[in-house]
Amino acid sequence: MDQPMHEKPASAPDVARGDELADELDSTVVTLGRLFSARHGEMCSESGLSASQMLTLRVLGEAGPMKISDLAMHVGVKAPAASAMVDALDKRGHIRREADVDDRRVTLVRLTDEGAAELAAVEAERREHMRRYLSVLSEDDVSALIRIHRKLIDAMTSDRI
């Protein structure tokens, strides 16, 4: 006999179980996020950089030279905070300011060789930690976890639900 239209598929949890699972997922995601942030913060502080400064290096390493206003948007801070980070990283020799060749009125910030080396060192340490943490999972588990995270990110960013 066909299932009535108003019934959920057999695999859908009932409301109480769904709430329980949602609460558990929320708790584990928050805990995992805190642990990742703490470990990342420790790795950054060992290099003498804040997590925001390291993110700035990463953005410049991936995207290349950009205006401070664009950098602020990518890092998720206001322009004055991005300017302060650029000043600090410039003093350390990790980035440099230069005029845009197409419009000399525009100043771009660029990752230096020293900044790229610092970024590479912290990224290598981060990858080593991730390999160690992920060693408790099978490759299939890691792939499934990534797939599920991407589905949730897509659903949350597109607001489809």
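Under the working numbering, the first residue of the sequence shown is numbered 440, with each subsequent residue one higher.
Just so you know, even glycine gets a beta-carbon here, dropped at the ideal spot from N, CA and C.
Going by DSSP in three states, residue i sits in which element: helix, strand or coil?
i    : result
P448 : Note that P448 scores 49 on pLDDT, short of 50, meaning its location in the model is unreliable and no value can be drawn from it.
R531 : coil
V454 : helix
R544 : coil
Quick one: give me the first and last residue of the alpha helix (DSSP H) that residue i is part of.
i    : result
T495 : A490 to A502
V514 : I507 to V514
Comparing C-alpha positions only, which one of the options sits nearest to residue i?
i    : options                   : result
E557 : L460, S489, T467 and A455 : S489
L528 : M512, G480 and S486       : S486
S508 : V581, V548 and L464       : V548
E537 : A521, V581, M505 and E562 : M505
Could you give the residue range of the beta strand (DSSP E) that holds residue i?
i    : result
L576 : No beta strand (DSSP E) holds L576; DSSP gives it neither H nor E.
Excluding the 5 residues flanking residue i on each side, which residues of the same chain have their C-beta closer than 8 Å to its C-beta?
i    : result
T551 : G532, H533, I534 and R535
A499 : Here residue 499 turns out to be Leu, not Ala, going by the sequence shown. So the list reads M505, L510, I534, V548, R549, L550 and G554, once near-sequence residues are dropped.
*Spell out a yes or no on whether the segment 509-518 and the segment 582-599 are touching, meaning 3 or more CB-CB pairs, one atom from each, closer than 8 Å.*
no
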